[in-house]
Each structure stands twice: as C-alpha cells, then as structure tokens.
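For the sequence shown, the numbering used here assigns the number 540 to the initial residue and increments by one for each residue that follows. The structure appears right after this line, and notes come after that.
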Amino acid sequence: MRNRYRILGAGFCVLLTWWAASSVGLADSLRPAHPFRVLTTIAPLYSFVKSIAGETVELANLLPQNADPHDYVLSPGDARRIAQADLIIRNGLGLEFFLEKALAEVDREKLLDASAGITPLPQWVSPGSPTGGSRAGEMPPNPHVWLDPVLAVVEVENIVRELCRRDTAKASNYRARGKLLVEELLRLDERYRHSLDPLPDKKMVSDHDAFAYLAERYGIQRVAILETRGHAGLSPKLVAWVLDSIVRNRVRALFSEVNHVSSELRSISRDSGVPIVLLDSMESGALRADLYERVAEANRQALVGAFQGDSSAHP
Ligand SMILES: [Zn+2]
Numbered sequence: 540m541r542n543r544y545r546i547l548g549a550g551f552c553v554l555l556t557w558w559a560a561s562s563v564g565l566a567d568s569l570r571p572a573h574p575f576r577v578l579t580t581i582a583p584l585y586s587f588v589k590s591i592a593g594e595t596v597e598l599a600n601l602l603p604q605n606a607d608p609h610d611y612v613l614s615p616g617d618a619r620r621i622a623q624a625d626l627i628i629r630n631g632l633g634l635e636f637f638l639e640k641a642l643a644e645v646d647r648e649k650l651l652d653a654s655a656g657i658t659p660l661p662q663w664v665s666p667g668s669p670t671g672g673s674r675a676g677e678m679p680p681n682p683h684v685w686l687d688p689v690l691a692v693v694e695v696e697n698i699v700r701e702l703c704r705r706d707t708a709k710a711s712n713y714r715a716r717g718k719l720l721v722e723e724l725l726r727l728d729e730r731y732r733h734s735l736d737p738l739p740d741k742k743m744v745s746d747h748d749a750f751a752y753l754a755e756r757y758g759i760q761r762v763a764i765l766e767t768r769g770h771a772g773l774s775p776k777l778v779a780w781v782l783d784s785i786v787r788n789r790v791r792a793l794f795s796e797v798n799h800v801s802s803e804l805r806s807i808s809r810d811s812g813v814p815i816v817l818l819d820s821m822e823s824g825a826l827r828a829d830l831y832e833r834v835a836e837a838n839r840q841a842l843v844g845a846f847q848g849d850s851s852a853h854p
C-alpha cells in the first residue's frame with residue numbers, strides 16, 4: 540500500500556514538474572526576450588515616441604545630436620541597432636536616404652514611415668535657378684512634414700497605431716499617452732493660428748526649405764529658398780534674383796538655423812539690410828520628450844517677432 544502511494548506521489552511530482560516547465564515555456568513564448576526595442580531616425584520622431592511610450596520601451600535614435608540627416612552616413616553601431624530593433628520609425632519621403640542600403644539587410648516588415656498618408660509638397664525650385672521651375676515634379680518631395688503641428692499629429696497617430704499593433708500588451712497605455720500628445724499638438728496649432736493669422740505680409744526667404752509645410756499651413760509665402768546644403772555653391776545669377784525678390788516683395792526677415800547659417804545668406808543679409816532670424820528644424824535636435832513642443836513654441840515666437848518687424852539681426 541505504502542509502495543502504491545509512493546508511486547502515485549512520484550507520478551504527481553513528475554506531472555507537476557512537467558506542468559510547471561510547460562507553463563514557463565508558454566509564458567516565455569509570449570514575453571519578448573528583451574524590452575520592446577524602438578529605433579527612430581531623427582530627434583522629433585524620438586520625441587514623439589518618448590512622449591507616447593515613456594520608459595516602457597527601449598528607445599534609441601540613429602542620428603546623434605547635431606548630425607544632419609541630409610548628409611548622414613551610418614556607422615557600424617547604427618547597423619547593429621537596426622538589426623536589433625523590433626520597430627524602426629523613420630520619417631520617410633526620402634529624408635533617410637542613408638538607410639536605404641542598410642535596410643536591404645533587415646526585415647522591412649519592422650519599418651514604419653511616420654509620414655504615411657500625408658500628401659507631400661515638391662521641393663522648392665527657384666524660378667531664377669538654372670533648372671527653372673519645370674523639373675520640380677521629377678525631384679524627391681520635401682520631407683519636412685513634422686514642422687507643421689497638424690501633420691505632426693498624423694505622424695503621432697501613425698506611431699501610436701503601429702506601437703499598439705506590435706506591442707499589444709501596452710496598447711492602452713500607448714493610446715492614452717498618444718491622445719495627450721495629440722491634444723498638446725492641437726493646442727500648439729491653435730497658438731500658431733491665433734498669433735500668425737492676424738499678421739499681414741508673412742514672407743519667407745531661407746537657406747533650407749525645412750519650413751515649407753509650416754508655411755503652407757499658416758499662410759506664409761515662400762519667396763525664395765537658397766538651398767545650400769549639398770550644393771557646391773550658388774550662382775551669382777540666382778543670388779541676384781534672390782536679392783531682387785527680397786526688395787520687390789519687401790521681405791522683412793531671412794530665416795536660417797543655428798549652426799547652419801550659410802555664407803550666401805549672410806552676404807544677402809548684409810547687402811539687403813534684412814536681418815537673419817533663427818528657426819530650428821529639430822532634425823539635429825536634442826533627444827528628449829519635450830523637444831517638439833519646446834522648439835515648435837520657440838519657432839512660433841521667432842516667426843511672430845520676424846513678421847512684426849521686431850527681430851534682431853544676426854551677423
Ligand atoms: Zn532638412
């Protein structure tokens with residue numbers, strides 16, 4: 540009898556051990572071996588994901604602070620981060636040309652274009668440039684959609700949807716925090732409208748066409764863009780055309796970015812007497828959750844100051 544109990548007891552232990560082992564196996568199969576890894580390409584996208592997901596994902600950004608996406612080259616460390624990511628979020632619209640070759644090596648299934656669904660604007664082609672205005676349709680689109688707060692909402696909603704789809708356990712958290720971020724962006728849009736709508740003659744001359752979508756949203760006319768990044772230099776004919784356009788259109792301010800003011804824009808400012816006002820495209824910005832709201836608000840104040848005529852000149 541005692542032997543019978545012993546055999547039954549041993550059998551129960553084997554069953555218990557098997558059940559415990561299979562339960563652990565099941566839990567392991569449901570639980571990722573590491574925290575959900577998200578890799579963004581540029582600082583504004585990092586800022587969106589940080590606001591939406593907080594510390595619940597392992598978040599990294601490809602571009603270090605002060606790196607320019609328009610001439611960035613991937614490092615071996617970047618290639619490793621691309622391979623290890625569960626989700627790669629890029630802006631798209633041709634901004635991340637540096638990713639193209641690397642992505643051939645990885646599963647494109649884990650790639651999200653945050654700009655999906657946005658109708659792109661063409662890149663600026665100056666009527667006075669040698670190429671003229673007719674080839675604009677053949678060029679890649681202008682990628683800087685995030686600087687328009689309303690289009691930033693589209694990017695945030697795309698990101699929230701993708702995070703919920705791929706990391707279902709935290710979906711309600713992503714939705715709740717994403718909703719708060721969207722509300723903040725819409726309040727920002729309201730501030731832009733409220734302060735810019737009453738101002739007449741909002742005209743823009745700049746040396747990087749990062750603010751095209753923002754200009755379109757808030758009724759700012761782009762008079763001339765001296766796109767100097769990636770160019771060997773601007774022709775004297777184009778510079779003369781820009782100077783003439785500034786006088787004819789009574790342009791009040793030239794726009795550039797910290798650490799990116801081109802020598803061409805400086806000399807145009809000297810010749811025309813029109814001051815340079817600094818904006819920030821955020822593409823080389825700091826990796827922090829509040830980057831977008833902080834910089835967009837600073838841009839708004841700089842634009843309002845410039846169009847009110849109280850901007851200060853930068854050499
Ligand atoms: Zn740019």
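Built from N, CA and C at the ideal position, the CB exists for glycine as well. Bear in mind that the values here come from a model prediction, so they are computed numbers and not experimental data.
- Per the coordinates, the alpha-carbon of W685 lies some 13 Å from the alpha-carbon of L725.
- Residue pairing for F794: DSSP places it in a beta bridge opposite S745 and V816.
- Around the beta carbon of F794, 16 or more other beta carbons sit within 10 angstroms, so the residue counts as buried.
- For E822 against I591, the beta-carbon gap comes to about 20 Å, at or over 8 Å, which does not count as contact.
- Of the candidates D617, V577, V843 and V800, V800 places its Cα closest to the Cα of D748.
- Taking all protein chains in view, the Cβ of E796 is crowded by 16 or more other Cβ atoms within 10 Å, so the residue is classified as buried.
- Cβ neighbours of A828 within its own chain (closer than 7 Å, five residues either side excluded): S586, K589 and S590.
- For A751, the uninterrupted alpha helix (DSSP H) segment begins and ends at A751 to R756.
- Under the three-state reduction of DSSP output, A763 falls in the strand class.
- Put simply, the segment 700–712 does not touch the segment 742–756. Fewer than three CB pairs are less than 8 Å apart.
- By the C-beta criterion, the segment 726–735 is judged not to be in contact with the segment 603–613, since fewer than 3 inter-stretch pairs fall below 8 Å.
- DSSP, reduced to helix, strand and coil, places E597 within a strand of the structure shown.
- Beta-bridge pairing by DSSP links R629 to D652.
- Contact residues of ligand 1 (beta-carbon closer than 6 Å to any heavy atom; chain order) are H609, H683, H747, A749, S820 and E822.
- The C-alpha of L804 lies about 23 Å from the C-alpha of L634.
- Here N605 is exposed. Its C-beta has fewer than 16 other C-beta atoms within 10 Å.
- Between the alpha carbons of D810 and G844 lies a distance of about 22 Å.
- Straight across, the Cα-Cα distance linking R833 with L584 is about 14 Å.
- For R647, there is no enclosing beta strand (DSSP E), as DSSP marks it with neither H nor E.
- Here D783 is exposed, its C-beta having fewer than 16 other C-beta atoms within 10 Å.
- With a cutoff of 7 Å on beta-carbon distance, I698 and V744 are scored as not near each other.
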